[in-house]
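According to the working numbering, the residues represented by the sequence shown are 205 to 507, in order. By construction, the Cβ of each residue, glycine as well, lies at the ideal position given by its N, Cα and C atoms. Note that this is a predicted model, so its numbers are computed, not measured. The block underneath contains the structure these notes are about, expressed in structure tokens.
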Amino acid sequence: MTPLMRFFGSLACSACIPLAAMAGSFCDEDGDGVPDAQDVCCGTPLGIAVDETGRPIGDLDGDCDVDLIDYALMQTNFTGPLAPCPPECFDNSECEPDEMCLTGDGCGAAGECVLKPVACPDIYDPVCGCDGQTYSNACEASAAGVNVDYDGVCVMTCQSDNECLPGEYCATDVGACGAGGECKTIPVACTQEYIPVCGCDGQTYSNKCYAAKAGVNIAHPGECPPSGCSLNSDCDPGEFCSKDEGDCAGNGECLPEPQVCAAIFDPVCGCDGQTYSNACNANAAGVSVASQGPCPETCRMDS
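Structure representation (structure tokens):
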């Protein structure tokens, strides 16, 4: 008869129960039904664990834990259905096509071959699989033949943008330019609020969302130090030389030209002598503000 493991409650087949955890059990070294000291029994091949009636409980190696029991012992102790112990596995390739190697302790541990679920509840309780992918719940991971690494969505660490998926960038903590971070999704739209931040690329962004939209991490809150430009040609494509209001001939700093402006009529006069509906639209045209309000009209005397 193939040795079987005795089941106690809901324990897994490969689990062993210490003698002390079994109420009324004791150690019997010589099998005379009289309790012996556990330190004498345990670790000796002669020791067997018995219950309060003197019946052995299946300790074959003398360590006072429940082990495999043979059919004869099973007849005296059997209290429920038994099944052959499943063999250990370390990879799905050791299991049948409709099975997976289910581990009980994260990734890489020994497990046992179990059937993959064929249907899972429509519940969003995300887990991170041992393959680095996020699944909507543990059942969905098992259905894919993947063990669960930890609860929650997967956090993908990175050192650079090229380690992230398309549409993601390697986001770091504020001030941690060049350090490792986590892959995060690049936003596709941002609010128009102006809470400037200085990007790790040395450029000022109107808020942290715009920095993230450009795939740029934040060096510090607030604007970047002036870059010392005097003309738009001193700046990179897509930037303009932003100057203080009224200081059209002075030096400024290179800032990104706004891509979207609010539909607000708050006219300003640009340093190019043209009136713009608001300062944002002037900047979008690569022009700094000379003064608030429309530019004064000029006239030409008739000759």
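Between the CA atoms of residue j and residue i - distance to the nearest angstrom
| i | j | result |
| --- | --- | --- |
| Cys332 | Ala418 | 28 Å |
| Thr502 | Gln478 | 11 Å |
| Pro500 | Asn482 | 16 Å |
| Gln407 | Val420 | 9 Å |
| Ala342 | Ala383 | 33 Å |
| Gly385 | Asn366 | 12 Å |
| Cys381 | Ile422 | 7 Å |
| Cys368 | Met360 | 8 Å |
| Pro498 | Asp329 | 57 Å |
| Glu461 | Gly474 | 14 Å |
| Ser340 | Gly349 | 14 Å |
| Ile390 | Gly371 | 6 Å |
| Asp470 | Gly379 | 36 Å |
| Cys293 | Ile327 | 29 Å |
| Asn436 | Ala488 | 12 Å |
| Ala467 | Cys452 | 25 Å |
| Tyr480 | Asn411 | 23 Å |
| Thr395 | Asp302 | 49 Å |
| Met304 | Ala393 | 42 Å |
| Asp476 | Ile399 | 27 Å |
| Cys433 | Gly456 | 5 Å |
| Gly490 | Gln463 | 11 Å |
| Asp355 | Asp438 | 51 Å |
| Thr307 | Cys317 | 9 Å |
Where the beta strand (DSSP E) through residue i begins and ends
| i | result |
| --- | --- |
| Lys388 | Gly385 to Thr389 |
| Ala375 | Glu372 to Ala375 |
| Glu457 | Glu457 to Pro460 |
| Ala423 | Ile422 to Pro425 |
| Gly403 | Val401 to Gly403 |
When the options are compared against residue i, the one with the closest alpha-carbon
| i | options | result |
| --- | --- | --- |
| Lys388 | Asp377, Thr408, Gln478 and Cys334 | Asp377 |
| Leu428 | Asp405, Pro441, Ser434 and Cys413 | Per the sequence shown, residue 428 should be read as Cys rather than Leu. Of the candidates Asp405, Pro441, Ser434 and Cys413, the one whose C-alpha sits nearest the C-alpha of Cys428 is Asp405. |
| Ala314 | Pro330, Asn351, Glu372 and Ala393 | Asn351 |
| Leu319 | Tyr328, His424, Cys299 and Pro325 | Cys299 |
| Phe444 | Thr338, Ile468 and Val493 | Val493 |
| Gln337 | Gly426, Val357, Pro325 and Gly490 | Val357 |
| Gly403 | Tyr373, Ala393 and Pro425 | Pro425 |
| Cys413 | Tyr373, Gly432 and Cys433 | Tyr373 |
C-beta neighbour in chain D for residue i, strict 9 Å
| i | result |
| --- | --- |
| Gln337 | Among the protein chains of the structure shown there is no chain D, as only one such chain exists. |
Counterpart residues of residue i in DSSP-defined beta bridges
| i | result |
| --- | --- |
| Asp355 | Val331 |
| Gly474 | Val493 |
| Ser446 | Glu457 |
| Val318 | Met304 |
| Thr338 | Cys332 |
| Thr361 | Glu386 |
| Tyr480 | Val472 |
| Glu292 | Glu316 |
| Thr408 | Cys402 |
| Cys499 | In DSSP, Cys499 forms no bridge with anything. |
| Cys465 | Beta-bridge pairing links Cys465 to no other residue. |
| Cys433 | Gly456 |
Range covered by the alpha helix (DSSP H) that runs through residue i
| i | result |
| --- | --- |
| Ala483 | Ala483 to Ala488 |
| Cys343 | Ala342 to Ala347 |
| Cys413 | Lys412 to Lys417 |
Cβ-heavy atom distance, residue i to the ligand MG, below 8 Å
| i | result |
| --- | --- |
| Val331 | This structure simply doesn't include the ligand MG, nor any ligand for that matter. |
Cβ neighbours of residue i in the same chain (closer than 7 Å, five flanking residues each side left out)
| i | result |
| --- | --- |
| Pro321 | Cys343, Ser346 and Ala347 |
| Cys324 | Asn341, Cys343, Glu344 and Ala347 |
| Asp295 | Cys305 |
| Glu397 | Asn411 |
Own chain partners of residue i with C-beta closer than 8 Å, once the 5 adjacent residues on each side are dropped
| i | result |
| --- | --- |
| Asp440 | Cys458 |
| Ala375 | Gly385, Glu386, Cys387, Lys388, Ala416 and Asn421 |
| Ser495 | Glu449, Gly450, Val472 and Cys473 |
| Cys334 | Gly310, Cys311, Gly312, Val350, Asn351, Val352 and Asp353 |
| Gly442 | Pro460 and Glu461 |
Cβ-based neighbour list, residue i, same chain, cut-off 6 Å, excluding 5 preceding and 5 following
| i | result |
| --- | --- |
| Gly454 | Lys447 |
| Asn485 | Cys465 |
| Val401 | Tyr409, Lys412, Ala415, Ile422 and Pro425 |
| Gln363 | Gly384 |
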